[in-house]
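Below is one structure; the comments refer to it alone.
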Amino acid sequence: MTTFAAPQIIAHRGATADAPENTLYAIDKALNNHADAIWITLQLSKDNQVVLYRPSDLTTLTDKAGPVSRYTAAELAGADAARNYNQKNNTKINATIPALDTVLSRYPDTFFYLDIKSPDAIPAIFARQLDDVLTRHQAKQRIRVYSTNPDYLTALPDSIPVFESRDTTRSALAGSLITHTCDISTQAQPRWYGFELHRKIEVVETFTLGEARSPAILTWDKTAADCFRKNGKNSIILFGIKTPADLVLATELGADGVMVDSLLNLK
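Counting from 568, one number per residue, gives the positions in the sequence shown under the numbering used here.
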């Protein structure tokens, strides 16, 4: 039986269950709790600065309202990004919405996964701004970019490392688990795949007289993991690792990294 090294522990949004997500406070705490890397979510401000925030509306987590694109980076730096977290956890943490520029300066030795979720940004403009920040900090060797919207990935220059698209990953995983096929490129260039360890889906079967729909759960197994690694160079990052049992399974599958909401729960 193959024995794999422990996967990289990735703090999702700075470990969103442990601190106000996508803030400097969260990143500090995650690193103090021995995270190996940090996953952060990016949007574009009114003045086209790349900033850290996830929901489509600022009301969800902060004391401001409307989309991120309504405010300049300086205005977002004055937002109370811990409001929602403090209300839920009865804490008094002070945190604002930081710019990626600030994050890369403050943590020069940290590896970051950058998740683009800017709902109203033009992909080409986002790509240009992100490339500018990463180039200025010479940070392209310590980041990798993910997005559920493939338009953001294809807009990026080749010099910025990216994940394979979510659609490509989902289709290959479903094929491996359901039809026992292995539709993974064997190109020499290493590829990165990110997907949930367990993912609820709906299976649709089409018949002559109609169709049937049934819920199902895609859960990685050894066959699927071996399929994704078949060229010996690809990397797998598994999302949604919530329990020690999830971590054990991900390790047994040889995951290169696991994304966690709470480092404290895994301890």
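The beta carbon of each residue, even a glycine, is placed where N, CA and C say it ideally should be.
- Across the structure, Lys613 and Ala641 are spaced so that their CA atoms are roughly 10 Å apart.
- According to DSSP, Thr608 shares a beta bridge with Asp682.
- The Cβ neighbour count for Val815, taken over all protein chains shown within 10 Å, is under 16; the residue is labelled exposed.
- Annotation: the continuous alpha helix (DSSP H) that includes Phe795 extends over 789-795.
- Taken in chain order, the complete alpha helix (DSSP H) segments of 4 residues or longer contained in the region 698-734 are 717-722.
- Classified as buried, Ala694 has 16 or more neighbouring CB atoms from the shown chains inside 10 Å of its CB.
- Distance between Thr626 and Leu667, taken at the CA atoms: about 21 Å.
- In the structure shown, Gly807 adopts extended strand secondary structure according to DSSP, grouped into three states.
- When the Cα atoms are used, Phe571 and Gly824 turn out to be separated by approximately 12 Å.
- When rounded, the separation of the alpha-carbon atoms in Ala662 and Val712 is 24 Å.
- Between Val700 and Val617, the gap from beta carbon to beta carbon is short of 8 Å.
- When DSSP reads this structure, Gln575 sits in a beta bridge with Gly824.
- If you ignore the 5 residues before and after Pro587, its C-beta comes within less than 7 Å of the C-beta of Ala593, Ala648, Ala649, Tyr652, Ile660, Ala662, all in its own chain and listed in chain order.
- Distance from the CA atom of Ala791 to the CA atom of Pro811, rounded to whole angstroms, is 21 Å.
- With at least 16 other beta carbons inside 10 angstroms of its own, Ile664 counts as buried.
- In this chain, the alpha helix (DSSP H) harbouring Tyr652 covers 650-656.
- Straight through space, the alpha carbons of Arg766 and Tyr760 are spaced by roughly 15 Å.
- Secondary structure of Lys800 (DSSP, three-state): coil.
- Contact check for Gln610 against Ser685 passes: the beta carbons are separated by less than 8 Å.
- Per DSSP, Tyr760 is one residue of the beta strand (DSSP E) stretching across 759-763.
- Ranked by Cα distance from Thr608, the options Ile683, Ile803, Ser732 are led by Ile683.
- With fewer than 16 other CB atoms across the displayed protein chains lying within 10 angstroms of its CB, His747 is exposed.
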